[in-house]
Amino acid sequence: MENVVRLTPTLKAVAAVATLVLAATACGSSGSTGSSSGGLNPPDLKAQSKLGKSEGEVNLIAWAGYVEDGSNDPKVNWVSDFEKQTGCQVNSKVAASSDEMVKLMKTGEYDAVSASGDASLRLIASGDAAPVNTSLVPNYKDIFPDLKLQAWNSVKGKAYGIPHGRGANLLMYNTQKVTPAPTSWSAVFDDASKYKGHVTAYDSPIYIADAALYLKATKPELKIKDPYALDQKQFDAAVALLKKQNADIGEYWSDYLKEISAFKSGDSVVGTTWQVIANLTADEGTKIKAFVPKEGSTGWSDTWMISAKAKHPNCAYQWLNWIVSPKVNAQVAEYFGEAPANSKACAETSDKNFCTTYHAADTAYWKNIAFWNTPIQQCLDGRTDVKCVPYAKWVQAWTEIKG
C-alpha cells in the first residue's frame with residue numbers, strides 16, 4: 014500500500030478512509046432519493062435559538078478524512094485555523110461504522126457527528142440528534158439546494174443537520190475489453206456471462222439495492238419504487254438476480270486498491286466503482302470509463318448533526334459552519350474524493366476541474382442517484398399494506414448470495 018499511497022494527496026485520503034467507509038456501508042450507510050422520512054415521529058426537541066459564548070472545546074465523531082489536523086499529512090490541516098479563530102479545541106474520534114457512530118452519540122459525550130443516512134435517521138428517531146437552526150450556520154445558504162431538507166437529514170420540513178458531501182456508485186469498464194460500450198447495468202447483470210470471471214461487484218449487503226434499482230427499470234411488474242423499500246417478492250427477485258450474477262463474479266471488492274489492481278491486470282473488466290477509484294485507475298494507465306448507467310445509480314450523502322445532549326453546542330455550531338465554508342469544504346472534498354456541499358467550494362479547489370469531474374453542481378446528475386438508506390420493516394416508499402424486508406435480512410441474504 015505504501016508505494017501506491019505516495020502517488021497523490023487524494024490517494025492518501027482514500028487509503029485512510031477506504032476501510033472505514035466500507036465498514037460503514039457493511040452496516041448500511043447513507044440516504045435515499047425521494048423516500049419520505051415523514052413516517053418518523055421523533056421527540057419534540059427544539060433547535061438552539063441563538064449562539065452563546067464558546068465553551069473552549071468540541072468533541073466530534075467523524076469518518077476518517079473529515080477532521081484533519083495535519084497529523085496524517087502536514088499539508089492537510091483545516092482544524093488548526095478553526096481552533097485559532099474560535100478558541101474551540103477540537104477533540105475527534107474516527108468511527109469505523111454507522112453503528113459505532115450511533116452508539117457513541119448515545120453516550121452524550123460527543124457534540125457533533127458526520128452521520129451517514131442510516132445513522133442520521135436512527136439518531137433523529139431516538140432523540141439523540143437535535144434539530145439544527147440553520148440560521149446559526151451562515152454558510153448553509155450556499156449549500157446546493159438539492160442537498161437541503163432531504164429524507165436523510167430532515168423530518169417534516171425540519172432540518173436535523175448540515176450537508177457535507179456526496180458521491181455516486183458508478184459502472185466502470187475496460188474500454189479495450191468491453192465492447193460495445195455499455196449503457197446499462199445489464200453489463201453486470203443480464204449480460205454478465207459475456208465477461209464471466211471478470212465481473213466485479215461491491216462487497217456489501219447494501220449492494221442488493223443496486224440489483225433492485227436495475228429491476229425497477231427492467232421489471233416494471235415488480236412495482237419497485239425505492240430500492241431500499243422492498244417487500245418480500247421484490248426482495249426475492251433482487252436476491253435471485255444477484256445469485257445468478259454470482260456465477261460470473263471474479264471478485265467482490267472491499268478494498269479500493271484491489272479494484273485498481275484487478276482492472277490494471279485485467280482480472281476485472283467491468284463492475285461498480287467510485288469516481289475517485291476510477292480516476293486513480295486511469296492514472297495507473299488502464300483504459301477505463303466510469304459513468305452512471307441509464308437506470309441511474311446508488312450513492313451516498315453525509316450530514317453533520319448536533320447531539321441533543323451536546324455539552325459544547327456553541328463550538329459545535331461553529332464547527333458546522335466552518336466545515337462547510339467554501340475553502341474548507343473544498344479541501345475536505347478533494348482530500349476525501351467526493352463532491353462538496355457548498356456551491357462556492359468549487360471556486361476554491363486546487364484542481365479547477367474537480368467539481369466538473371465530481372458533478373458537484375449538476376442537479377440533473379444527482380436526480381438519478383438513489384442515496385443509501387437502511388431498509389426497515391416500515392416501507393420507506395410509504396406503503397402501509399405490506400411489510401418491507403429489514404436490513405438484518407439483507408445481511409443474511411448477502412451471505413447466501415456469495416455462497
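The opening residue of the sequence shown carries number 14 in our numbering; numbering runs sequentially from there. Just so it is clear, CB atoms sit at the ideal spot from N, CA and C, and this is done for glycine as well.
Looking at the backbone, the Cα of tryptophan 165 and that of leucine 134 are separated by about 6 angstroms.
Taking 8 angstroms as the cut-off, the Cβ atoms of serine 111 and alanine 132 count as close. Just measuring C-alpha positions, the residue of Tyr208, Thr316, Ile219 and Lys236 sitting nearest glycine 263 is Tyr208. Ranked by Cα distance from glycine 78, the options Leu162, Pro56, Gly350 and Ser197 are led by Gly350. Pairwise C-beta distances place the stretch 114 to 122 out of contact with the stretch 91 to 98, as fewer than three of them are shorter than 8 angstroms. In this structure, Ser310 is the residue among Thr147, Thr213, Ser310 and Asn259 with its C-alpha nearest to the C-alpha of leucine 228. In the structure shown, the three-state DSSP call for valine 107 is strand. With fewer than 16 neighbouring CB atoms inside 10 Å of its own CB, proline 193 falls in the exposed class. In the structure shown, tryptophan 287 falls within a strand segment according to DSSP collapsed to helix, strand and coil.
One thing to note: leucine 160 has its Cβ within 8 angstroms of the Cβ of proline 176. Judged by DSSP in its simplified three-state form, cysteine 401 adopts strand. Shown here, asparagine 292 sits in a helix according to DSSP, grouped into three states.
In this structure aspartate 216 is buried. Its beta-carbon is surrounded by 16 or more other beta-carbon atoms within 10 angstroms. According to the DSSP assignment, isoleucine 74 belongs to the beta strand (DSSP E) that extends over 70 to 75.
A Cβ-Cβ separation of about 15 angstroms leaves glycine 130 out of contact with proline 55 under the 8 angstroms criterion. Distance from the CA of glycine 170 to the CA of serine 206, rounded to the nearest whole angstrom, comes to 46 angstroms. In its chain, beyond the 5 residues on either side, Ala343 and Glu347 have a beta carbon closer than 6 angstroms to the beta carbon of threonine 362. Looking from the CA of aspartate 375, the closest CA among Val305, Val126, His211 and Leu255 belongs to Val305.
As a beta-bridge residue in DSSP terms, glutamine 102 pairs with Glu70. The C-beta distance from threonine 213 to tryptophan 266 rounds to 5 angstroms, short enough to meet the 8 angstroms contact threshold. Rounded to the nearest angstrom, the gap between the Cα atoms of proline 195 and threonine 299 is 17 angstroms. Taken through DSSP and simplified to helix, strand or coil, proline 195 comes out as coil. The Cβ-Cβ distance between valine 89 and aspartate 124 does not fall below 8 angstroms.
Assignment of tryptophan 91 by DSSP, reduced to helix, strand and coil, places it in the coil class. In terms of Cα proximity to alanine 352, the closest of Val341, Ser338, His372 and Asn327 is His372. A direct Cα-to-Cα measurement between lysine 277 and alanine 383 gives close to 29 angstroms. The count of Cβ pairs closer than 8 angstroms, one atom from the stretch 315 to 332 and one from the stretch 388 to 400, stays below three, leaving the stretches out of contact. Distance from the CA atom of aspartate 249 to the CA atom of lysine 307, rounded to whole angstroms, is 23 angstroms. A residue is called buried when at least 16 other Cβ atoms come within 10 angstroms of its Cβ; aspartate 261 meets this threshold and is buried.
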